[in-house]
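Per the numbering used here, the sequence shown starts with residue 63, numbered consecutively.
Backbone N, C-alpha and C define an ideal beta-carbon position, used for all residues, glycine too.
Data block below; observations after.
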Amino acid sequence: MKMLLMVECPNEPFNSLIKAGTVGEVIERILVSIKPEAVYFTEQDGRRGGIFLVDVQDSSDIPAFAEPFFLNFNATCKFRIVLSPEDLQKAGLETLGQKWASI
């Protein structure tokens, strides 16, 4: 299933990795490992952050996506399930509406 992995990094150890010239190498290793379909780096609540679209085959895969950020950046990670337009069409909203609508 497709999930958004939203990562928020505190200033440390990120600043130290920048000063050491190794932050790019660490980020590249993580990206090669998690193989995101899309990557966006952004600010989140005033901190460095990233949003990654990942394909999670099984819930037991989640640590493999989060641990690289936890261990290298002391980051906070949040996961959100996302649906493509095709997924939403398959969801059967009309049937659900008929079943659960209060009239």
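Check each candidate in L66, K64, L79, M65 and name the one with the smallest Cα separation from L133. Checked all of L66, K64, L79, M65; the closest Cα to L133 is L79.
With F141 and M65 assumed to form a contact (beta carbons below 8 Å), what rounded beta-carbon distance in angstroms separates them? Their Cβ separation, rounded to whole angstroms, is 5 Å, which keeps F141 and M65 in contact under 8 Å.
Quickly, what does DSSP pair R142 with across the bridge? List them, please. In DSSP, R142 forms a bridge with L66.
Residues in the same chain with beta-carbon distance under 7 Å from V144, minus the five sequence neighbours each way, listed in chain order, please. The residues are K64, M65, L66.
Boundaries of the beta strand (DSSP E) in which G111 is found, first to last residue: Segment 109-117, the beta strand (DSSP E) holding G111.
Can you say whether P130 is buried or exposed, counting buried as having 16 or more other CB atoms within 10 angstroms of its CB? Burial state of P130 is buried, judged by a 10 Å Cβ sphere holding 16 or more other Cβ atoms.
If you run the structure through DSSP and keep just helix, strand and coil, what is T84? If DSSP states are grouped into helix, strand and coil, T84 belongs with coil.
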